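One structure is given below, encoded as structure tokens.
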Amino acid sequence: MLHLENPLNELLDVSAQNNKLSGYDCSVYHHHKEIYRRTVGFSNIERKIPLSKDTAYHIYSNTKVISCAAALQLYEKGKFLLEDHIGRYFPVMEKMTVKTPTGLQEAQNPITIRDLFCMTAGIGGGMMTPELGLRVHREVGEHARPIDLIPYLAEIPLEFEPGTGYYYGICHEVLAALIEKIADQPFSEYLKEHIFVPLGMEHTSFDEQHFAPDTIACHYQYNGPDEKPSNLGSKNCLIPPLLKESASGGLISTVDDYMKFQEALCTGDVILRKRTIHLMRLNQLQGTQWDGYGYTHLGMGYGLGVRTIVDQAKCGSPAGFGSFGWGGAAGSYGSIDPENELTFFYMQQMFGTDDLHTHHALRNIIYSAI
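Each residue of the sequence shown is one higher than the one before, counting from 2 in my numbering.
As structure tokens, this is what we get:
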């Protein structure tokens, strides 16, 4: 498709040049067939290791979409309701404290499972306070499972009354703990059994040892137009080793593997039923819950763990209404549009660049071409 290939190549090449990217990898599927794929650059600039279709990347918050899909599988089986209080499953979280202008007080609202999906629980960012982090390391061990964090997270005051705001924090770690409790198996094993193996995602894991040497791309840090990017290495730069199986940002994957996951949600009735996927991409925010959500002015709402287009005029894009997905901290961007049978995934491994402009231009080119 020359009307897609030429402008998309130009956009991505200019972005790579302007942002001094080590490289990029982009795949586009339409009607469930790949219509565009381009892999340019290096996984390690200094050693001149080229990117390839087999290169694996830390996908950071693109992990969240997989985590939420996994939880929704249990929802489909009637294992929980979105309105259930998390205290029903973890009594230690039934009565939480909340920050107020006059100090701490007992929260008046319970945390619901819907709040965990939607980041409206008031649970803050970061893994935990340094003091609690040291306690977890000392009392639990080197690698804590999500369920191990629950008693420690229960001690941290909420940022606001559950259900009254939005805070992009670590709510999905509690969802992972819920999966572990209901399924009675580690989060990583559940994902492998119910998502990775069924979809043939052989190159997706939390464990760096799963990958052959030199197949995980190095991270780079953009230091400005006149400075050389810094090589930060190939280990996860954001998730502490304490939480190896982070539902918020711990997975390593390839572009091909992640596209298998996105295509499953685009097709429907594979790992989730179509009706559940529709619920997942419906905007869930209302009232003061819009506070703190950074995409409102761009015509996007937030569903069950995914951004979703709710206002095409504000979005300023020919993108399909209800197309959904998320991105990752090092510049990745995924999108799923069941109505137009369109999915795409853009991957870079560079911090500090103007990702949003590139992502939206990429999206507009793709929709204009099809």
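We treat Cβ as the ideally placed atom computed from N, Cα and C, and that holds for glycine.
Values in this document were obtained by computation on a predicted structure and should not be read as measured data.
The C-beta of residue 243 has 16 or more other C-beta atoms within 10 Å across all chains shown, which makes the residue buried.
Annotation for residue 69: the continuous alpha helix (DSSP H) segment containing it runs 63-77.
Spanning the alpha carbons of residue 250 and residue 63 requires a straight line of approximately 7 Å. The alpha-carbon separation between residue 257 and residue 265 amounts to approximately 12 Å. In summary, residue 208 is exposed, with fewer than 16 beta-carbon neighbours lying within 10 Å of its beta-carbon over all protein chains present. With respect to residue 267, residue 344 sits close: the two C-beta atoms are nearer than 9 Å. Within the model, the alpha-carbon separation for residue 228 versus residue 157 is close to 40 Å. Assigned with DSSP and collapsed to three states, residue 249 falls in coil, not helix or strand.
Exclusion of the five residues before and after residue 362 leaves 12 as the residues of its chain whose Cβ lies within less than 6 Å of its Cβ. At a Cβ-Cβ threshold of 9 Å, residue 331 and residue 59 count as neighbours.
Just measuring C-alpha positions, the residue of 55, 69, 27 and 353 sitting nearest residue 277 is 69.
Of 231, 198 and 119, the smallest CA-CA separation from residue 176 is found for 119. The beta-carbon separation of residue 117 and residue 148, rounded to 14 Å, does not stay under the 8 Å limit for a contact. With at least 16 other beta carbons inside 10 angstroms of its own, residue 350 counts as buried. Taking C-beta atoms as the reference points, residue 366 and residue 5 count as a pair closer than 9 Å. For residue 220, the three-state secondary structure derived from DSSP is strand. Cβ-Cβ distances below 6 Å link residue 9 to 366 in the same chain, with the five nearest sequence neighbours on each side left out; the list follows chain order. In the three-state reduction of the DSSP assignment, residue 146 falls in the coil class. Residue 293 places its beta carbon less than 9 Å from that of residue 169.
For secondary structure counted as the beta strand (DSSP E) over 3 or more consecutive residues, the stretch 148-234 holds these complete runs in sequence order: 220-222 and 231-234. For the 9 Å CB-CB criterion, residue 273 and residue 304 do not form a contact. With a threshold of 16 other beta carbon atoms within 10 Å, residue 139 falls short and is exposed. By the CB criterion at 9 Å, residue 123 and residue 187 fall outside the cutoff. Looking at the DSSP output, residue 34 sits in a beta bridge with 31. Nearest C-alpha to residue 236 among 193, 221, 49 and 370: 221.
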